[in-house]
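A.B. asks: In the numbering used here, the protein residues as written are 707 to 1257. C-beta atoms are modelled at their ideal positions from N, C-alpha and C, and glycine is treated no differently. Just so you know, these numbers come straight off a predicted model, no measurement behind them.
Here it is as structure tokens:
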């Protein structure tokens, strides 16, 4: 051949008179050789030639190629992984390889010392000191990398070599979201346990409540009844659950047909547009025993505002009603017994004030006036208590007779004239003509008008105006009493006709009221066929409306 073999060790030895070892892979030879040449010198040190030693390394080259292919295949796999992967020298702790996923998060790490780069440690960290990997064990651990704001599960896999464990493959699996999810799950689990505990407590409270509690579906079918439902009604749960209620169930209708119809009427009042019921009802136990109950029915809605349940709570108030009736009877009796001596005291003090028994000085007059005023207030209170007891006992009678409304009004204002003048109030009256006499209870009419006008006088500042109007309509006469006084706070208007209730601003203006007047007025007015309502705005005034039916 005309040219030298590439990397020819003989040519190198001839040129520099040195020994050379080179791999020779010439197509003309056909096999890869490892050629070693050594120079030969004569006794005078002159270069004479070289000795050639050639070794067929075909198998070794094939093994190296196979290893390289395997390495490339492994690298391709590691480069494609979503988890970060690096190879760390166990002796130097140098990062010898990092896949793209790791570089994307941590930057170019190859050639860096792992504990310095990843952890900012000056010395070797505890994880690098762990000799489990050197003993061939796979080690798992977690670490938070604060710079990246991520948490990783690290898996250290030992890599064998002929000299032992020389490196480890470290896999970075991002578990940040999993950790967050675990924390959320832990939080939710804790809340769920709390809710479950609360629900268990609530269930125990409802199950052992003294009130009769029943839950129905929107159609009225009973799906739950507590222990009190059994003890109060006498029915077993199995007799109630699954039955369509009418109130608690058709059981009542089977037990007492007549009042079963009442139950249907009550249930018919409840629908999605009017889902509440509050009131006193008469029910019957399984043994047909009658009892009085305070009944509340309320709806339960889901998160989409769909009606899903009704909760009915019934309290047996039979004994309370008996006690209340006994109390009312006692109040009635006591009031009757007190009225006679009070009348005597009032009359005697009035006669003394008139000088019937001789002249009195100013000091005596002041004391007698206090006695007279106090007995008058007490008489009014006793009268109110008597009226209430009659109303609650059902003995309040209505005696209709022909009355002239305008004339009765004149009498009331004449009696209240002194109070009106003392506060310098202006009275504006508008009377409808041609009304004539109407059939109505004279005492009830007087009670209603006197109470409303007295309230206006009491709760209107000095110099204020009270307007009283009378309007004849088709079926009734509308009477209005309007003032520009203190008004009724909006939040308290719903309770204004409640027994013993007084608005807070009314207590500040006058501390001596009993809170009975409007309760009595509404009760007797409705029994006489009248209606009463009002409009009010705090610090601007109040207007009451009363209808007197025309028969």
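(1) Hey, out of 773, 1131 and 1146, whose CA is closest to residue 1159's CA?
(2) How many Å lie between residue 889 and residue 898 at the Cα?
(3) Counting pairs of beta carbons, one from the stretch 1192–1211 and one from the stretch 1106–1124, are three or more of them closer than 8 Å?
(4) For the putative contact between residue 743 and residue 757, defined by C-beta atoms under 8 Å, what is the C-beta separation to the nearest angstrom?
(5) Any idea which residues DSSP pairs residue 846 with across the strands?
(6) Please state the DSSP three-state secondary structure of residue 825.
(7) When the Cβ atoms of the stretch 1160–1173 are set against those of the stretch 1139–1149, are three or more pairs found closer than 8 Å?
(8) Among the residues of its own chain, which have a CB less than 6 Å from the CB of residue 1077, if the five just before and after it don't count?
(9) By alpha-carbon positions, which one of 724, 750, 720 and 760 ends up nearest to residue 738?
(10) Taking the C-alpha atoms as reference points, what is the distance between residue 931 and residue 923?
(11) Measure the CB-CB distance between residue 1150 and residue 1230 and report whether it falls below 9 Å.
(12) So is residue 1242 in contact with chain C if we call contact Cβ pairs under 9 Å?
(13) Pull the bridge partners of residue 793 from the DSSP assignment, please.
(14) Can you give me the start and stop residues for the alpha helix (DSSP H) that residue 901 sits inside?
(15) Whole angstroms are fine: how far does the CA of residue 857 sit from the CA of residue 942?
(16) Does residue 1005 come out as helix, strand or coil in the three-state DSSP assignment?
(17) Can you name the start and end residues of the alpha helix (DSSP H) that residue 1135 belongs to?
(18) If distances are taken between C-alpha atoms only, which option among 894, 785, 1049 and 1121 comes closest to residue 807?
(19) Considering only residues of the same chain and omitting the five flanking positions on each side of residue 1199, which have a CB-CB separation below 7 Å?
(20) Take every Cβ of the stretch 838–847, pair it with every Cβ of the stretch 816–826, and state whether three or more of those distances are shorter than 8 Å.
(21) Can you tell which of 920, 940, 1020 and 1023 has the C-alpha that lies nearest to the C-alpha of residue 992?
(22) Expressed to the nearest angstrom, what Euclidean distance is found between the alpha-carbon atoms of residue 1007 and residue 1081?
(23) Based on the DSSP output, what are the partners of residue 728 in its beta bridges?
(24) Is it buried or exposed for residue 813, if we count other Cβ within 10 angstroms and need 16 for buried?
(25) Taking a contact to mean a Cβ-Cβ separation below 9 Å, would you say residue 745 touches residue 719 in this structure?
(26) If you follow the beta strand (DSSP E) that residue 839 is part of, which residue opens it and which one closes it?
(27) Going by DSSP, what residue range makes up the alpha helix (DSSP H) through residue 1215?
(28) In chain order, what residues of the same chain lie with their CB nearer than 6 Å to the CB of residue 914, ignoring the 5 residues before and after it?
(29) Let me make sure I understand the geometry here. Which of 917, 1175 and 1255 has the alpha-carbon closest to that of residue 934?
(30) Would you report the Cα separation of residue 724 and residue 741, rounded to the nearest angstrom?
(31) What three-state label does DSSP hand residue 1015 in the structure shown?
(32) Using CA atoms only, rank isn't needed, just tell me which of 1123, 1180, 1109 and 1121 is closest to residue 1148.
(33) Helix, strand or coil for residue 916 per DSSP?
(34) Rounded to whole angstroms, how far is the Cβ of residue 1190 from the Cβ of residue 1246, which I believe are closer than 8 Å?
(35) Express the C-alpha separation of residue 989 and residue 1255 in angstroms, rounding to a whole number.
(36) Beta strand (DSSP E) containing residue 1145: first to last residue?
C.D. replies: Checking against the coordinates, here is how it stands:
(1) 1131
(2) 14 Å
(3) no
(4) 7 Å
(5) 861
(6) helix
(7) no
(8) 1055
(9) 760
(10) 12 Å
(11) yes
(12) Of the protein chains in this structure there is only one, and it is not chain C.
(13) 803 and 875
(14) 882–913
(15) 59 Å
(16) strand
(17) Careful: residue 1135 lies outside any alpha helix (DSSP H), inside the beta strand (DSSP E) at 1132–1136.
(18) 785
(19) 1242
(20) no
(21) 940
(22) 56 Å
(23) 741
(24) exposed
(25) yes
(26) Note, residue 839: premise wrong, no beta strand (DSSP E); not H, not E.
(27) 1210–1215
(28) none
(29) 917
(30) 14 Å
(31) strand
(32) 1109
(33) coil
(34) 7 Å
(35) 34 Å
(36) 1143–1147
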